[in-house]
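Student: What follows is a structure written as structure tokens; I'll ask about it next.
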Amino acid sequence: MATTEKSILNRLYFIAGCLFIFAFAVAFKLMDIQFVEGEYYKELAEDRTYRNFKIPANRGNLYDSNGSLLATSVPKFDIRFDAVTVSDKDFESNIGPLSEKLSAALGGSASNYSQKIRAARVNKQRYLLIAKNLGYSEYIKFRNFPMFNLGAYKGGLIVEQRTVREHPLGKMGERTVGYERKDADGYFTRVGLEGAFGNYLRGTDGRRLKQKIAKGQWKPISDNNEVEPRDGYDVISTIDVNIQDIAHHALLKQLEDFEAEHGTVVVMETATGEIKAMSNLGRTKEGTYFEKRNYAVYESHEPGSTFKLMAMVAALEDKVVDTAQIVDTENGVVRYYGRAVRDSHHGGYGKISAAKAFELSSNTAFTKIITEGYKTNPSKFVDRLYDMGLNKKIGLDINGEGQPRIPHPDDKNWNGLSLPWMAFGYGVSLTPLQTLTFYNAIANDGEMVKPRFIKEVKEWDKTIVKVEKEVINPSICSPETARKVRKMMENTVKRGTAANIYTPNFSMAGKTGTCQVEYWIEPGRYIASFSGYFPAEDPKYSCIVVIHKPNKRKGYYGNIVAAPVFKSIAQKIYTDTPIMDELPSLEVENEDVEADFQKYYSKIQNEKILMPDVTGMPAMDAISLLENLGFKVNFRGQGKVKSQSVAAGMEISQNKELNIKLELS
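Everything in the sequence shown is counted per the UniProt record's numbering, starting at 1 for the first residue and increasing by one.
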């Protein structure tokens with residue numbers, strides 16, 4: 001009996017001890033929560049009840065130099081439907097009218113929409129997609145549809161809003177305009193102007209405190225934001241959409257005609273360095289072209305004969321040659337260490353001056369000039385190129401600038417062929433924009449200015465930042481050298497390798513370039529280029545055209561493939577901004593002349609004018625032609641003319657309205 005009682009007491013003591021330990025543990029945990037981890041649990045509770053929501057800032061607009069939009073943010077709306085929350089009465093009374101409205105707005109039969117929505121209600125679907133990517137006016141229309149107009153709870157309307165960045169120019173200049181994207185890890189990808197100046201455009205997000213009131217639903221604590229969002233600033237770029245349109249279509253036409261792999265065009269304002277147009281087009285597998293990469297900025301390659309300008313400037317500055325010095329091109333072939341340098345003209349050019357060698361782009365003459373001038377001290381030649389900044393990046397605002405390469409005699413891979421090959425643009429590497437910057441400096445009397453992409457940053461009418469002209473090098477060469485090579489480039493167009501683009505109507509100056517690339521893979525792969533400026537006597541714009549791997553059966557020389565693009569751009573810019581000469585007045589009163597004029601005017605007024613066929617023409621060309629014929633032109637879209645409201649060949653009258661539809665080819 002005593003043993004049994006003792007056993008029971010031991011069990012009671014054990015249970016009491018366990019209860020004591022448990023009570024102690026509870027008390028300890030309460031103390032720990034209250035005094036040690038209290039703040040953590042308080043924050044956790046508050047986070048589940050209260051939360052700061054981000055209020056995205058509106059991104060600033062990107063404009064061209066004349067105020068036309070290049071990029072802007074627009075709201076887009078997705079409409080979804082909660083098929084559960086609507087009462088039976090409201091659902092049945094509105095399903096028919098709603099289906100009719102959806103059919104009219106989106107197409108398709110009303111019965112299909114009715115079946116789809118009824119099936120969602122049976123399946124208790126609470127997130128049925130109705131429409132995506134609606135603009136604001138479309139969203140307002142949908143919001144007023146039957147059932148949806150009852151609101152979120154009674155009508156089951158779910159609206160998801162987001163901001164989308166749109167480019168009014170479409171695909172034209174897409175890589176130049178660029179983008180800024182942020183991934184899930186918070187890293188940015190920055191391309192073009194949008195990426196380069198995102199710090200101005202981006203703005204600062206705001207915050208608003210909300211309280212959770214139901215599953216998935218949050219209510220603002222107050223009417224005021226905890227932190228107000230600051231919208232991004234507007235950025236005014238240097239791009240001119242008219243010049244961009246001209247450059248884009250001139251390049252596109254040539255790429256299509258010569259079936260080239262890719263190409264680029266850059267137009268720069270000479271005095272300021274402002275980039276007025278930059279087009280970069282690459283070919284797809286289907287043979288069409290789009291803005292694939294920013295070749296002008298990133299693609300560093302052998303320039304070929306456009307580098308002869310740099311070689312000539314160096315030689316003239318170091319006085320190892322004079323423009324009148326005679327050079328024997330022999331039979332168009334000279335050899336260095338068993339390797340042949342050839343002229344494109346079979347048999348060579350005989351004995352010609354150094355200036356003529358530039359105009360005719362003689363490889364043999366240039367290798368002789370540079371090799372004989374610097375053979376005892378090749379470092380002098382390369383150091384001169386370095387002094388002109390050709391071995392350094394420009395330091396562009398746009399990301400991804402390619403690295404230039406100018407080999408030096410101190411390099412391990414320097415050999416006996418390096419100097420003669422550099423003379424005509426092989427063994428060196430520059431991007432198109434780096435080459436253009438040098439040519440622009442020559443057009444600018446030796447002053448090298450940094451290419452500039454923006455003019456100012458604004459908040460409404462208030463200027464936040466004004467970007468001024470930046471001089472990289474006040475004098476890359478003497479005024480005398482600049483004058484001499486400018487005359488050579490003018491003669492290159494008048495009577496040299498680019499004589500095929502010469503016109504007496506306006507003046508141009510520049511240098512052709514033809515460079516064989518990837519010759520270690522197979523022969524016949526070329527880069528055709530032309531770099532120069534216009535007008536020749538008073539340069540306003542400089543321009544470079546580079547076209548990679550044209551179909552060699554159609555042509556591959558710089559004067560045939562690239563130079564016509566340069567001429568087309570110059571010609572159309574001249575047409576838009578003609579150079580006006582002051583002429584004496586021709587207003588002379590003469591009754592006979594006046595009578596003859598009235599007869600002639602009456603005659604041409606009565607003559608028939610036939611409608612031309614403008615389909616396939618670039619928009620600017622077609623509109624200019626039709627307006628000169630007296631039409632009032634209305635157009636829709638962008639790119640080339642797809643259709644015209646008046647058929648070709650029809651008789652037309654003055655002051656008639658005409659509609660044309662455009663599309664990107």
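We put the CB at the ideal spot given by N, CA and C, even for glycine.
Could you pull the DSSP bridge partners for Ala509 from this structure?
Tutor: The residue labelled residue 509 in the question sits at position 509 within the sequence shown. DSSP, once it has assigned bridges, lists Tyr533 as partnering Ala509.
Student: Got a sec? Which residues, its chain only, sit under 6 Å from Met448 by beta carbon, not counting five neighbours each side?
Tutor: For the purposes of this step, residue 448 is taken as the residue at position 448 of the sequence shown. Around Met448: Ala441, Ile472, Asn473, Ile476.
Student: I believe Phe81 touches Ile158 by the beta-carbon criterion, under 8 Å. Please report the beta-carbon distance rounded to the nearest angstrom.
Tutor: Sequence index remark: in the sequence shown, residue 81 carries index 81 (1-based). Sequence index remark: in the sequence shown, residue 158 carries index 158 (1-based). That pair is a contact at about 7 Å.
Student: So, at 6 Å on beta carbons, what are the nonlocal neighbours of Ile239 in its own chain, with the 5 sequence-adjacent residues on each side left out?
Tutor: As a working mapping, residue 239 is identified with position 239 in the sequence shown. Answer for Ile239: Asp64, listed in chain order.
Student: Which residues share a DSSP beta bridge with Asn500?
Tutor: Against the sequence shown, residue 500 aligns to sequence position 500. DSSP, once it has assigned bridges, lists no residue as partnering Asn500.
Student: Any idea what DSSP makes of Gly206, helix, strand or coil?
Tutor: Residue mapping note: residue 206 aligns to position 206 of the sequence shown, counting from 1. Three-state DSSP puts Gly206 in a strand.
Student: Once the 5 residues before and after Phe530 are set aside, which same chain residues still bring their CB inside 6 Å of it?
Tutor: As a first step, residue 530 must be located in the sequence shown, where it is residue number 530. Closer than 6 Å at the Cβ level, and outside the excluded window around Phe530, lie Gly510, Thr512, Val545, Gly558, Ala562, Ala563, Phe566.
Student: Restricting to Cα atoms, I'd like to know which of Tyr289, Ile275, Ile243 is closest to Lys256.
Tutor: Position 256 of the sequence shown holds residue 256. The sequence shown places Glu at residue 256, rather than the Lys named in the question. Nearest option by C-alpha distance: Tyr289.
Student: Around the C-beta of Tyr519, are 16 or more other C-beta atoms found within 10 angstroms, so that it is buried, or is it exposed?
Tutor: Counting from 1 along the sequence shown, the entry for residue 519 is found at position 519. With fewer than 16 other Cβ atoms within 10 Å, it is exposed.
Student: Mind listing, in chain order, the continuous beta strand (DSSP E) runs of no fewer than 3 residues lying wholly within the stretch 141-207?
Tutor: Taking only runs of at least 3 residues, the beta strand (DSSP E) segments lying wholly in the stretch 141-207 are 157-166, 179-182, 188-191.
Student: How close, in whole Å, do the beta carbons of Gly206 and Glu180 come, if the pair is a contact with beta carbons under 8 Å?
Tutor: Mapped onto the sequence shown, residue 206 falls at position 206. Mapped onto the sequence shown, residue 180 falls at position 180. Not quite, the Cβ-Cβ distance comes to about 19 Å (not below 8 Å), so this is no contact.
Student: Identify every residue that forms a DSSP beta bridge with His262.
Tutor: Taking the sequence shown and counting its residues from 1, the one referred to as residue 262 is at position 262. Paired residue(s): Gly282, His548.
Student: Beta-carbon within less than 6 Å of Lys351's beta-carbon, same chain only, minus the 5 sequence neighbours each way: which residues are those?
Tutor: On the sequence shown, position 351 is the one that residue 351 refers to. Result list for Lys351: Ile326, Asp328, in chain order.
Student: At what residues does the alpha helix (DSSP H) containing Lys368 begin and finish?
Tutor: Here residue 368 corresponds to residue number 368 of the sequence shown, with the count starting at 1. It spans 363-374 - the alpha helix (DSSP H) in which Lys368 sits, taken as one unbroken run.
Student: At which residues does the alpha helix (DSSP H) containing His636 begin and terminate?
Tutor: Sequence index remark: in the sequence shown, residue 636 carries index 636 (1-based). Note that residue 636 is Arg in the sequence shown, not His. Arg636 -> not in any alpha helix (DSSP H); beta strand (DSSP E) instead, spanning 632-636.
Student: Compute the distance between the beta-carbons of Ser73 and Asn52, then report whether it is under 8 Å.
Tutor: As a position in the sequence shown, residue 73 is number 73, starting the count at 1. As a position in the sequence shown, residue 52 is number 52, starting the count at 1. No.
Student: Can at least three beta-carbon pairs, one atom from the stretch 385-401 and one from the stretch 424-434, be found at a separation below 8 Å?
Tutor: Segments in contact, yes.
Student: Helix or strand or just coil, what does DSSP make of Glu330?
Tutor: What you label residue 330 is simply residue 330 of the sequence shown in a count that begins at 1. Looking at Glu330 - three-state DSSP - the assignment turns out to be coil, as it is neither helix nor strand.
Student: Who does Tyr541 pair with in a DSSP beta bridge?
Tutor: Start at 1 with the first residue of the sequence shown, and residue 541 comes out as number 541. BP columns for Tyr541 point to Glu269, Phe534.
Student: For the beta strand (DSSP E) containing Val79, list its first residue and its last residue.
Tutor: Taking the sequence shown and counting its residues from 1, the one referred to as residue 79 is at position 79. Just to set this straight, residue 79 is Ile in the shown sequence, not Val. Ile79 -> beta strand (DSSP E) spans 69-81.
Student: Can you look up Lys450 in the DSSP assignment and give me helix, strand or coil?
Tutor: Taking the sequence shown and counting its residues from 1, one reaches residue 450 at position 450. Coil, per DSSP.
Student: What does DSSP give as the partner residue(s) for Ala340 in the beta ladder?
Tutor: Within the sequence shown, numbered from 1, the residue matching residue 340 stands at position 340. DSSP, once it has assigned bridges, lists Arg335 as partnering Ala340.
Student: Figure out for me which residue from Val428, Arg495, Gly170, Ala131 has the closest Cα to the Cα of Leu69.
Tutor: In the sequence shown, residue 69 corresponds to position 69, counting from 1. Ranking the options by Cα distance to Leu69, first place goes to Gly170.
Student: Name the DSSP beta bridge partners of Glu663, please?
Tutor: Position 663 of the sequence shown holds residue 663. For Glu663, which the question treats as bridged, DSSP gives the partners Lys640.
Student: Use the C-beta contact count for Lys603: other C-beta atoms within 10 angstroms, 16 or more gives buried, fewer gives exposed.
Tutor: Taking the first residue of the sequence shown as 1, we reach residue 603 at position 603. Low local confidence applies: a pLDDT of 45 at Lys603 is under 50, so the model's placement there is unreliable, with the coordinate-based value given in what follows. Its Cβ having fewer than 16 others within 10 Å, Lys603 is exposed.
Student: What are the boundary residues of the alpha helix (DSSP H) that includes Thr435?
Tutor: Walking along the sequence shown from the start, residue 435 turns up at place 435. 432-443 is the extent of the alpha helix (DSSP H) around Thr435.
Student: Using 10 angstroms around the beta-carbon of Glu607, count the other beta-carbons present and answer buried if the total reaches 16, otherwise exposed.
Tutor: Looking up residue 607 in the sequence shown gives position 607. Caution is warranted here: a pLDDT of 48 is assigned to Glu607, below 50, making its placement in the model unreliable, and the coordinate value is therefore given only provisionally. Exposed is the call here.
Student: If you follow the alpha helix (DSSP H) that Ser103 is in, where does it begin and where does it stop?
Tutor: Indexing the sequence shown from 1 puts residue 103 at position 103. Start and end: 88-106.
Student: Can you tell me whether DSSP reads Leu385 as helix, strand or coil?
Tutor: To locate residue 385, count along the sequence shown from 1; it is residue 385. Helix at Leu385.
Student: Specify the secondary structure class of Asp257 as computed by DSSP and reduced to three states.
Tutor: Numbered from 1 along the sequence shown, position 257 holds the residue referred to as residue 257. Of the three classes helix, strand and coil, the one that applies to Asp257 here is helix, per DSSP.
Student: Helix or strand or just coil, what does DSSP make of Thr481?
Tutor: Translated into positions along the sequence shown, residue 481 becomes position 481. Correct three-state label for Thr481: helix.
Student: Quick check on DSSP: helix, strand or coil for Pro404?
Tutor: On the sequence shown, residue 404 is found 404 positions in, with the first residue counted as 1. Coil, per DSSP.
Student: My assumption, with CB atoms under 8 Å, is that Lys450 sits in contact with Gly273. Please give the rounded CB distance.
Tutor: The sequence position of residue 450 within the sequence shown is 450, counting from 1. The sequence position of residue 273 within the sequence shown is 273, counting from 1. 6 Å between Cβ atoms; contact.
Student: How big is the Cα-Cα spacing for Val633 and Ala315?
Tutor: As a working note, residue 633 is residue 633 in the sequence shown. As a working note, residue 315 is residue 315 in the sequence shown. Distance between the alpha carbons of Val633 and Ala315: 55 Å.
Student: Is the separation between the beta-carbon of Ser114 and that of Ser93 shorter than 8 Å?
Tutor: Working through the sequence shown from its first residue, we reach residue 114 at position 114. Working through the sequence shown from its first residue, we reach residue 93 at position 93. No. Outside cutoff.
Student: Using 8 Å for Cβ pairs, my map puts Thr481 next to Pro420. What's the rounded Cβ distance?
Tutor: Along the sequence shown, one-based indexing puts residue 481 at 481. Along the sequence shown, one-based indexing puts residue 420 at 420. Actually they do not touch by this definition, with Cβ atoms about 22 Å apart.
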